[in-house]
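Its first residue numbered 16, the sequence shown is counted upward by one per residue in full-length UniProt numbering. Ideal Cβ positions, reconstructed from N, Cα and C, are used throughout, including at glycine. Data block below; observations after.
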Amino acid sequence: ASGAASTGPQPRASVPNYALFNERLGKARSTILENKPLTLAQKILYAHLHDVSAMSSAPVPGETYLKLSPDRVAMQDASAQMAILQFMLSGMPQTAVPTSIHCDHLVEAYEGADKDVARSWQTSREIYEFLQAASQKYGIAFWKPGSGIIHQLVLENYAAPGTLMLGTDSHTPNAGGLGMLAIGVGGADAVDAMAAIPWELKAPRVLGVHLKGKMNPWGSPKDVILNLAGQLSVRGGTGYIVEYFGEGVDSLSCTGMATICNMGAEIGATTSVFPYTASMRRYLSATQRADIAEAANAQQAAYLSADTQVKADPAKYYDQIVEIDLDKLEPGYNGPFTPDLYTARSKMSDQVAKEGWTDKVSAALIGSCTNSSYQDLSRAASLARQASKHGIRVAEGTEFLVSPGSEQIRATMERDGIQSAFEAIGAKVLANACGPCIGQWNRDENPVVKNREMNSIVSSFNRNFRARNDGNPNTLNFLTSPEMVLSAALSGRLSFNPLTDSLTAADGSQFKLEPPAGNELPTEGYAAGRAEYRPLLDHKPEMHIPITPTSQRLQSLEAFKPWDGQEFKDTRVLITVQGKCTTDHISAAGKWLKYKGHLENLARNTLIGAANAALDGKVNWVRNAIDGLEPAEGTIPDVATSYKNSNVPWLVIADYNYGEGSAREHAAMQPRFLGCNMVVARSFARIHETNLKKQGVLPLVFARPDEDYFLFTKNPHELVVRTEGVKDISESTPTVSLIVDRVQNGKVVESHTVLCNHTMSADQIGWFKAGSALNLIASQQK
Ligand code: F3S
């Protein structure tokens, strides 16, 4: 169904099937869209509708769910584990769309590039070997640790204008810099695309950002998104695709646009995208994809730009418009602790004094998936060279770290003297991996971290939640452009403004930094880098995937049992949840992350954040419904496990908006693993409801939520539930009844019939009957 069916692992993207996209788009326009003008984001979405003929009317933004056929999947090593374990259940011989895995999150920054990569093989060998073998078996391109960061590698190799990609990482939208609609999702969504299950997205609204003017000498693309985050806040983009337009777009490099799209995640946007530009053309050619550039040139008028009417009258077609004037845009410093706390450079000195932020900069970090383009690094290096010329290095007491985004960038940086310019002022170059950005930064020996001291760091990264980088909650972390990171490293002060302030040269004289200068692309082309970091493109369908039975981090998944065709009976109420219950409450993160590939170990955290309505909101505590089972009362995972071990089916009664938060599929898999057959809620968060369906759990909504929920808040351990209507379940009969008996001392003392509704489509009923969506796919493979 996709525009680019998988033909085995690929070193880089092949030419998109624009003819197919045009055909789908044309059909959508002439049937449901009444030939109305469309924004670029809408065009890409509608060109990826799975089946236009299944739609009867124009999608309503914020309401209609679109069923889409993505062209590609990219996964990082932490989130790929459960996705692969699930895909293994599908029985498919290879992924339905081209897929790549990137090992970037598990390398800890400590001694420097090569040693750190070697150490990560010691600590995470079993994960790497598992992902590598699975890649070989299923025809996935495998990028080993040290090869680079997922979003940089996708931009260099896999992004293509006008295509649709899912990535299991929130900064996947980075590829919008190359005109791709790239969306960050959970593992289950990636599995949908890999297994050719149509992927659902609520039709987004489109927020237009009008870029006026031209970038000024100290300005950088990073400042666009720092400023926008300040204007819109961390929730301002929720439910929107951000689409950039206006004459300012033409002054941006492709990699600069990627930086802007990358950080669209920080305003909660579904994704961000730029129209096809000359700089994208240049970047595609420089990264050995001239064939894609050529096809995209031919395609541009038809598909890769917004309609002319939209351009002429944007206010009519975008749901909201924000303007940014690049001529006036100042460098920004966002933080601490939240990416939307924007301070313009000229106000920073006052703000440092007013807020009492530590002025001394203890570490300055550049690179990461956000800012490690050739342009970023060459501009920053031009400042480093000016410092060297004046005989100075980074300020005393300031650490300067560089995280290259990929081996290609690192090698080019080395060849062109950028690395030596950084090292001459005292930089340490880390592995081509996430490192300090994701807290993989061994800074424990540094006294400021050891003593939990207040200190300031500046980075060109994208996130700055408290303690994210070094684990110290008192580290004030500011996000800024690479050029500003350099100026902070040289001065050692947050308050230093390179536009107005001077540095002291080795001879005691004062000098001001000239504005940074660098190249958009390397004049000699990109260096390929070391061969060992090229992707493994070795499709071996017979490959065995190693999972040690005693492993604590990886566990093969067993297919969930299919539905037996009978009504549910003798089902116990594990808990009546009170109030908010997010996917974090159902499947906590933090220290549990190391078990992402081990369902049984991870299930030990099931619902530990849930409040029990029967015990005045007590968290993670329930009574056991079965006499004689241990524990008689205990934590939710303990009691659920006792039910599982005794084959007692159970259900969850939930409050409003159950499962809000993330697309984390573990929140549906864990209850199912422990024996949950139904979740009955006053209402669901839609994505979690779909995830329950995918895992074979029946989600029901009370027909009278304000009344019937309260039947379950008093001694729910006395209730025994059976269903009527599951046997006849169909799309056209949305009702299922629960017969709820209250049993005391072995006698039924009261009985109620509770009407509920399901929202399952015919396809989803197929998943339920098969035991899970993947079981259904597996049965179709046979
Ligand atoms: Fe990695 Fe940080 Fe980017 S964790 S993917 S470098 S946001």
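Alpha-carbon to alpha-carbon, residue j and residue i
i           : j    : result
Y548        : S162 : 5 Å
E215        : E648 : 40 Å
A603        : N620 : 6 Å
K229        : E535 : 15 Å
A62         : L528 : 48 Å
A402        : A520 : 8 Å
D340        : I424 : 30 Å
A629        : H732 : 9 Å
D66         : T46  : 12 Å
T302        : L241 : 28 Å
G674        : T54  : 32 Å
E309        : Y173 : 16 Å
G41         : G263 : 30 Å
residue 813 : R638 : Only positions 16 to 797 of the chain appear in the structure, and residue 813 is not among them; the question remains open.
S294        : S268 : 5 Å
F511        : D599 : 40 Å
K797        : G271 : 47 Å
F260        : L226 : 6 Å
P26         : R360 : 41 Å
L715        : G781 : 16 Å
L501        : A399 : 7 Å
R679        : H703 : 8 Å
Cβ-based burial, residue i [other Cβ within 10 Å; buried from 16]
i           : result
E338        : exposed
N504        : According to the sequence provided, residue 504 is Ala. The question's Asn does not apply to it. By the neighbour-count rule (16 or more Cβ atoms within 10 Å), A504 is buried.
S17         : With a pLDDT of 41 at S17, under the threshold of 50, the modelled position of that residue is not reliable, and the figure given next carries that caveat. So S17 counts as buried.
V764        : exposed
N662        : exposed
V75         : exposed
A436        : buried
R587        : buried
A20         : Summary for A20: the model assigns pLDDT 48, below 50, so the residue's position carries little reliability; its value from the coordinates is reported in the next sentence. When all chains shown are included, A20 counts as exposed.
T114        : buried
K152        : buried
S747        : exposed
R545        : exposed
G632        : exposed
residue 805 : The question about residue 805 has no answer, for the chain in this structure spans 16 to 797.
N466        : exposed
S68         : exposed
L608        : exposed
E573        : exposed
H559        : exposed
D265        : exposed
R478        : buried
residue 800 : A query on residue 800 cannot be resolved here, the shown segment of the chain reaching from 16 to 797 and no further.
G412        : exposed
Best match in the options for proximity to residue i [C-alpha to C-alpha]
i    : options                : result
V122 : S418, N242, P176       : S418
S496 : F480, P488, P513       : P513
K709 : A124, A156, A203, L392 : A203
I668 : N172, Q167, V592, L789 : V592
Y143 : A395, G127, I116       : I116
N635 : W607, Y333, L589       : L589
N37  : A396, R134, Y318, G127 : Y318
Q109 : G127, S150, S135       : S150
S524 : I407, K227, G507, L83  : I407
M278 : M295, D306, K237       : K237
A205 : K762, D553, Y332, A89  : A89
A95  : I440, W158, A34, P85   : W158
L299 : Y332, L193, K404       : L193
Q335 : A410, N627, A284       : A284
S787 : T728, K555, M684, A718 : M684
E126 : V444, S474, W578, S657 : V444
*Runs of alpha helix (DSSP H) lying entirely within the segment 649-732, each at least 4 residues, in chain order*: 651-660, 681-688, 701-709, 720-723
- Could you pull out every unbroken alpha helix (DSSP H) segment of at least 4 residues lying fully inside the segment 380-446, listed in chain order? 389-404, 422-430, 433-439
Segments of 4+ residues assigned as alpha helix (DSSP H) that fall wholly inside the segment 81-163
92-104, 128-153
**OP:** Only counting runs of 3 or more residues, tell me where the beta strand (DSSP E) segments fall wholly within the segment 434-508, in order along the chain.
**Re:** 470-474, 490-494
*Starting from the N-terminal side, write out each stretch of the beta strand (DSSP E) that is 3 residues or longer and does not extend beyond the segment 205-249.*
214-217, 220-227
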